[in-house]
Amino acid sequence: MRIWVMKALMFNGIKDLELVDVPVPSAKSDEILIKVEACSICGSDLRIFNHGSHRIQKPTILGHEIVGTIEFLGDNIRNKYEGLYSEGQRVGISPAIPCGRCYWCKNKQQNVCDNLKIFGYEFWGGFSQFLLIPFTAIENGCVIPVPEVLSPGEAALIEPLACVVNAQNSVGVSPDDTILIIGAGVMGLLHFKLASLYGAKKLFMCDKVPERIINAKALGVENAYVNNELKYRLNKRGADLVIVAAGTKSALEAAFKYVAKRGKIVLFAGLPDAEDRQIISSNQIHYNELSIVGTHGSTPEQYREALRIVSEGKLSLKDLIKEKVTLEEAVSIFEQQNFLENKPGRVVVFPNK
Numbered sequence: 316m317r318i319w320v321m322k323a324l325m326f327n328g329i330k331d332l333e334l335v336d337v338p339v340p341s342a343k344s345d346e347i348l349i350k351v352e353a354c355s356i357c358g359s360d361l362r363i364f365n366h367g368s369h370r371i372q373k374p375t376i377l378g379h380e381i382v383g384t385i386e387f388l389g390d391n392i393r394n395k396y397e398g399l400y401s402e403g404q405r406v407g408i409s410p411a412i413p414c415g416r417c418y419w420c421k422n423k424q425q426n427v428c429d430n431l432k433i434f435g436y437e438f439w440g441g442f443s444q445f446l447l448i449p450f451t452a453i454e455n456g457c458v459i460p461v462p463e464v465l466s467p468g469e470a471a472l473i474e475p476l477a478c479v480v481n482a483q484n485s486v487g488v489s490p491d492d493t494i495l496i497i498g499a500g501v502m503g504l505l506h507f508k509l510a511s512l513y514g515a516k517k518l519f520m521c522d523k524v525p526e527r528i529i530n531a532k533a534l535g536v537e538n539a540y541v542n543n544e545l546k547y548r549l550n551k552r553g554a555d556l557v558i559v560a561a562g563t564k565s566a567l568e569a570a571f572k573y574v575a576k577r578g579k580i581v582l583f584a585g586l587p588d589a590e591d592r593q594i595i596s597s598n599q600i601h602y603n604e605l606s607i608v609g610t611h612g613s614t615p616e617q618y619r620e621a622l623r624i625v626s627e628g629k630l631s632l633k634d635l636i637k638e639k640v641t642l643e644e645a646v647s648i649f650e651q652q653n654f655l656e657n658k659p660g661r662v663v664v665f666p667n668k
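Numbering follows the working numbering, in which position 339 of the sequence shown is assigned residue number 654; successive positions increment by one, without gaps.
Here it is as structure tokens:
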């Protein structure tokens, strides 16, 4: 039976999010309609809610950490990708949709595509009961089968892990390096887990929120400290690699404070638009021979790599899920400014519960 109306969280503007009924998108023969099983709340979703984004045309539906089951499979897709997709199949979404034609796409760096469009930004996102997948996402490999061995919550966290894969592959992780991760939220913890898997031995983490440090220690981060304690714990030389996994000015300042000479700083977390013009000491970069590396998002291939790592049991995501909520409950999550500080971990929205 055709379902005509679905519930969704509509973002109307800064700090304006409401649960609404909207028509279910009608999928054409070269499109896929998925029933959203889970979509986790990313820090960027909260940043958009609180500060807005120049990329978003309102009203829209946020959410890009998405997993669902195929509700409708267009005939052209069924024929063109015979055997790859089927109705009822679970799929994850690599949310950054590349054009497939520009220089970056042709060099397999689709996350910096000149014509990039992203679910939850240019396209409606996953905080809804159903999601329309356009042909450009399908032909560029953004719809990826997910094994049933993973729970919907775990599968939703594949996307943020893929972003971490992109970041760490961009700079390389050496067992001999001292690595500092600034930010003990989910992204910082994912960086810790992946760096450990890659063989890093000297890992440090800091955060301004004591509850997050307590949570990090409980998850196995031995050298996790509140910011003002770190200077007494880190060696005098500093960190060879600093990963900024918190989107704040103070995190960026801490990176330059603790990085070693000839060290690398990874700018992993973005800042609100109004705060993204920072005063960085070019002399410190020059005389200490620092390398500053920005990383953003991930490619469909990196999504598959993250999925493989988790599916093979090499890295667990279960302990990062702290709250499971409905669409209606999610509204209050966005409105609670300190929710993520008081409850470290990912909040996963289940739109069809």
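Backbone N, C-alpha and C define an ideal beta-carbon position, used for all residues, glycine too. The model shown is predicted, which means the values in this text are computed figures rather than measured ones.
- In this chain, the beta strand (DSSP E) harbouring residue 521 covers 517-522.
- Residues 477, 480, 481 of the same chain have their beta carbon placed closer than 7 angstroms to that of residue 617, with the five preceding and five following residues left out of the count.
- Between residue 601 and residue 426, the beta carbon gap of about 29 angstroms keeps them out of contact (Cβ cut-off 8 angstroms).
- By the neighbour-count definition (other C-beta atoms within 10 Å, threshold 16), residue 538 is a buried residue.
- Beyond the five residues adjoining it in sequence on each side, residue 548 comes within less than 8 angstroms, by CB distance, of 519, 538, 540 in the same chain, given in chain order.
- Of all alpha-carbon atoms in 668, 661, 528, the one lying nearest the alpha-carbon of residue 380 is that of 661.
- Taking C-beta separations shorter than 6 angstroms and ignoring five residues to either side along the sequence, the partners of residue 387 in its chain run 342, 348, following chain order.
- Going by DSSP, residue 618 is part of the alpha helix (DSSP H) stretching over 615-626.
- Under the criterion of beta carbons closer than 8 angstroms, residue 324 and residue 642 qualify as touching, at roughly 6 angstroms.
- About 6 angstroms separates the beta carbons of residue 663 and residue 636, which is inside the 8 angstroms limit, making them a contact pair.
- As DSSP reads the structure, residue 375 sits in a beta bridge with 326.
- Around the beta carbon of residue 446, a 10 Å sphere encloses 16 or more other beta carbons of the protein chains shown; the residue is thus reported as buried.
- DSSP, reduced to helix, strand and coil, places residue 637 within a strand of the structure shown.
- Shortest Cα-Cα distance from residue 438 to any of 375, 469, 473 involves 375.
- Between the C-alpha atoms of residue 517 and residue 436 there is a straight-line separation of about 37 angstroms.
- The C-beta of residue 530 has 16 or more other C-beta atoms within 10 Å across all chains shown, which makes the residue buried.
- For residue 493, the uninterrupted beta strand (DSSP E) segment begins and ends at 493-497.
- For residue 554, no alpha helix (DSSP H) run applies; the uninterrupted beta strand (DSSP E) run containing it begins and ends at 554-559, by DSSP.
- In terms of Cβ geometry, residue 573 and residue 554 form a close pair [threshold 7 angstroms].
- DSSP places residue 573 inside the alpha helix (DSSP H), whose first and last residues are 564-573.
- Here the C-alpha atom of residue 564 lies approximately 8 angstroms from the C-alpha atom of residue 590.
- Residue pairing by DSSP places residue 384 opposite 350, 405 in a beta bridge.
- Linking residue 527 to residue 329 through their CA atoms gives a straight-line distance of about 26 angstroms.
- In this chain, the beta strand (DSSP E) harbouring residue 338 covers 331-338.
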